[in-house]
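Here the structure is laid out as structure tokens; the discussion comes afterwards.
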Amino acid sequence: MKLKNDSKYIATPAKIFMTVFIVLVAVSILQGIILEIERTFRFSATTKPKAELTEEEKRIDRIRSSAKEFLPDGTIHLVHKPRRTPGRMDESEIEQIYDANDDLLWEGPTEDQPYEYLSWAEQIHRFHEGFTLWSLKQIQMITPEFSQALEIPVGPRQQIRQFWRYSPASDLFVGYGSNGEKIGYAGSTGFTDSKSKVKPFGEFRLFTAWCPQDASSPTLLWQTQRRIYQIDFEKQHVELIFESTEADIEVERTSLHAWRDVKPGEQKHVDRQKYRPLLHCITEDGKHHLLMRNPGQQLTITIPKDWQGWANYYHRFTATKQGIFLRRNWIEFREAPDYFQDRELHGQWLSDYQSKAMKHRVELYRLDIDGSLELLNRYDWTVPPPSVPVVRARDSRLAVQRGVSQFSPPLYDLVVRLLGRKFWSRALNYQNMGDFFYSLARMILDIRPYGGVINRALSAIMMFFVFLHGWPRRTSWANFIFWLVFVGAFNLAGLLTYLALNHTAVINCPVCGKRRGLARVDCVRCGAELPAPERGKLDLILNT
Amino acid sequence: MRFLALLRKELRECLPWMLLAALVFLAFGGFFLRALAYDQRHYRYYPNFSSGTLVERFQLTQHTPLLLTGSCLFCSSLGLGLILGVRHFWIPHFTRTWPFLLHRSVSRKTILAAKLTAGTIAFVISLGTVWVALYWYANQLEAYPIPQTVRVFIEGWIFIMLGLVVYLGTALSGLSTAKWYTTKILGLAFATVIIVTTFSQWSLVWAFAVIAISVVILLSLIFDTFLRREF
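Sequence lines, in order, name chains A and B.
Note that our numbering has the first sequence beginning at 194, numbered continuously upward.
Note that our numbering has the second sequence beginning at 649, numbered continuously upward.
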């Protein structure tokens, strides 16, 4: 009997938790379905100006759409590709090259272009070339077909000699021979045959793989929290390329140029006769690290603080046999405020961005041996506001989102505030997309009520309903007040949970005549006991 | 002693379903495992890396030969959970045999504990042993190129535990006196949500934590309902 009485202290909260959890999931699914329906049937609502462009507007449009390219001596050219005639795929692609004074220098098919512009280091693309922490989580996801493993084969396809399997738990590669026998380990200390001699690489962040021209097996550029390694499985060699002792390396901001030994004609091929292999990474203390080869060189650069905070700002590096260059692009307009922090402010910024004249800039710098920057050339152009203002239709998604979020728990607002900015920046980070709890947090961010008046009013109406419903059914004051607060905090999900767990039939008290619930043996108003059913009339509800 | 006697009775009732689940899993899981041993191309594919080219990110990920066996284990586990839940907690209601069981000189707690223990043992014996045997076979190097990861073995046990969650969810739904379209369905709905939540995890620790919390919640509700309700 003791268990029976004690069990309610665990069972009651467990029942409430289970019910509200299921109802919250159901309400969120419904909200998600409504948002997706809106997304599916949304049509393009922005009206673009259709007025015929003047000659000057055409010139500005051409300058805006032209690629701004630099020659190794710092000269800038504007490379314009006029649109092809619709439907004429047989026309060869034409390029027009203008100088900084807008004089036409050359026009002709792209393949005959006489200039050789500087090419720049590019970030490792997370979907095609890069295997990120998110990808690792994806293959480790628990599915009915089990998780997958990361395995590097060594040898040609028909005669694989070794397999090197990555073990995420120990941050090591474990090697197996073609007969399945364990042959060794690979870690930060290199390749070894004993587990005691090997040290882990460190927390994995990213890798990119390629097959060098003199090999038939992949080589990996392996980035961890603070180090970057190059692992050659065929030659069984681990090389520490870079180590940061002061700060973590920023995730997915590592760029490469001519680093991977790719043959001509292949994707990402860069002529190594003209360019030095370059790896550019950024550490969280804001320092940029350039690692070059032929000859080996390492530079650490601190980008001026006033370079940051501008719209469309980015910079890239390249290293030729003649020197190291930096290209900076930016617009003289402050960058957008955080959408999730203040949607109204973000909307205002977007409206200003689309309606004001803006100066775009591109600059070329040369880097000295000590990492200092020397401006070689710059070019700027002003994009005027559209002559016919862009009329943005009411954002239907925002309206629908506002509508569905009125039924979200007001508690979500509190949760968002309590969890803090650091948590939310982690939750919104692409690397954490695969995490269930971060996904849950992002969903809360999407459907939170943003302190809406309608949401609070709906909660108040539901509390009033619960008050009316619960008054004759109340079993204790604490219980009654708990449910009122619960419904106020959880809105629709709270109301459904309350009804699921508390709805009982009511009868008229035979003594005082007022309504009373059947969950309590005595009347909440007059204290009279529940009447026993009359002989032959078993249904208490129908007979009272 | 009474508990053991009750446990034997419950296990006797579970036995046909235990055998059926074990046979189904062994037959289908074993067949798929054997079939993949003959042709590894179905789960292992290494592209011919040509020199001087980039390697696409998913060219280096490999499935385990147990991939189809895993699906069989998952389905068998859910099926066994559903069947045992119905057998233990719904059938006595339909056949009106609850009073015969409850009017014995043993406490309700003992009766319930015997049922739940029998259910758990059924999972471990029927699916657990077959899973251990198939995993062991998949590690035989004559049939497969390299040994399987320990993670796959643990994931198999997660599937078995999910079956146990379904069993407990079915038990809770079976014991509820509410209408099926109201709170009676909550037990099964909760088990479904837990399966989805577990399949959204990449961390084994979190997967175990989710299952453990759900088992605690379901057990507390089952005990509370069973000890309080009138049969």
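Note that CB positions come from ideal geometry on N, CA and C, so glycine has one too.
Quantities reported herein were computed from a predicted structural model and do not represent experimental measurements.
- Within its own chain, the residues whose Cβ lies closer than 7 Å to the Cβ of Gly727(B), once the five positions on either side in sequence are excluded, are Ala669, listed in chain order.
- Think of a sphere of 9 Å around the beta carbon of Trp850(B): the chain A residues whose beta carbon falls inside it are Leu329, Lys330, Gln331, Ile332, Gln333, Met334, Ile335, Ser340, Gly627, Asp628, Phe629, in chain order.
- Judged by beta-carbon spacing, Ala512(A) lies within the 8 Å limit of Tyr468(A), meaning their Cβ atoms are closer than that value.
- Ranked by Cα distance from Leu852(B), the first of Pro361(A), His430(A), Ala440(A) is Pro361(A).
- In the displayed model, Thr511(A) falls within a strand according to three-state DSSP.
- Ala402(A) is bridged by DSSP to Leu413(A), Val703(B).
- Glu309(A) sits exposed, since fewer than 16 C-beta atoms from the chains shown fall within 10 Å of its C-beta.
- With a cutoff of 8 Å on beta-carbon distance, Ser601(A) and Pro642(A) are scored as near each other.
- Proximity to Arg446(A) across His482(A), Val455(A), Asp425(A) peaks at His482(A), based on C-alpha coordinates.
- Annotation for Phe673(A): Gly663, Arg667 place their beta carbon closer than 7 Å to its own, counting only its chain and skipping 5 residues before and after.
- Glu704(B) and Phe400(A) have their C-alpha atoms roughly 11 Å apart.
- Listed along chain B, the residues sitting closer than 7 Å to Val218(A) by beta-carbon distance are Val841.
- The segment 752 to 762 of chain B makes no contact with the segment 839 to 853 of chain B, as fewer than three CB pairs between them are under 8 Å.
- Contact of Pro740(B) with chain A is not assigned, every C-beta pair being separated by 8 Å or more.
- Contact fails between the segment 818 to 833 of chain B and the segment 305 to 323 of chain A, because fewer than three Cβ pairs, one in each stretch, are under 8 Å apart.
- In the three-state reduction of the DSSP assignment, Lys251(A) falls in the helix class.
- Against chain A, the beta carbon of Ala837(B) has neighbours under 8 Å at Ile215, listed in chain order.
- For Pro602(A), DSSP records no beta bridge to any residue.
- Looking from the CA of Ala504(A), the closest CA among Phe526(A), Gln490(A), Gln515(A), Leu519(A) belongs to Phe526(A).
- Per the Cβ contact rule, the segment 348 to 360 of chain A is in contact with the segment 368 to 379 of chain A (3 or more Cβ pairs under 8 Å).
- By the rule that beta-carbons nearer than 8 Å mark a contact, Arg799(B) touches chain A.
- Rounded to whole angstroms, the separation of the alpha carbons of Tyr694(B) and Pro349(A) is 10 Å.
- Here Arg257(A) has His553, Trp574, Val576 as same chain residues with Cβ atoms under 8 Å from its own Cβ, once five neighbours each way along the sequence are excluded.
- Counting only Cβ-Cβ distances below 7 Å, Ile421(A) has no contacts in chain B at all, with the closest Cβ about 17 Å away.
- For Ala342(A), the enclosing beta strand (DSSP E) starts and ends at 342 to 347.
- The count of Cβ pairs closer than 8 Å, one atom from the segment 206 to 219 of chain A and one from the segment 682 to 694 of chain A, reaches three, so the stretches are in contact.
- Gly395(A) is not a Cβ neighbour of Ser410(A), given a cutoff of 8 Å.
- Using a CB distance cut-off of 8 Å, Val703(B) counts as an interface residue toward chain A.
- Proximity of chain B to Tyr369(A) at the Cβ level (cut-off 8 Å) is accounted for by Pro793, Ile794, Pro795, in chain order.
- Taking the CA atoms as reference points, Asn522(A) sits about 21 Å from Asp531(A).
- Taking 8 Å as the threshold, the shortest C-beta distance from Glu722(A) to chain B does not fall below it.
- Take Leu538(A), set aside five residues on each side of it, and the residues of its chain with a beta-carbon closer than 6 Å to its own are Pro530, in chain order.
- Bridge pairing for Thr495(A): Lys480(A) [DSSP].
- For Lys208(A), the closest alpha carbon among the candidates Val754(B), Leu867(B), Glu878(B) is that of Leu867(B).
- Pro713(B) is not a Cβ neighbour of Tyr783(B), given a cutoff of 8 Å.
- Counting other Cβ atoms within 10 Å of its Cβ, Ile230(A) stays below 16 and is therefore classed as exposed.
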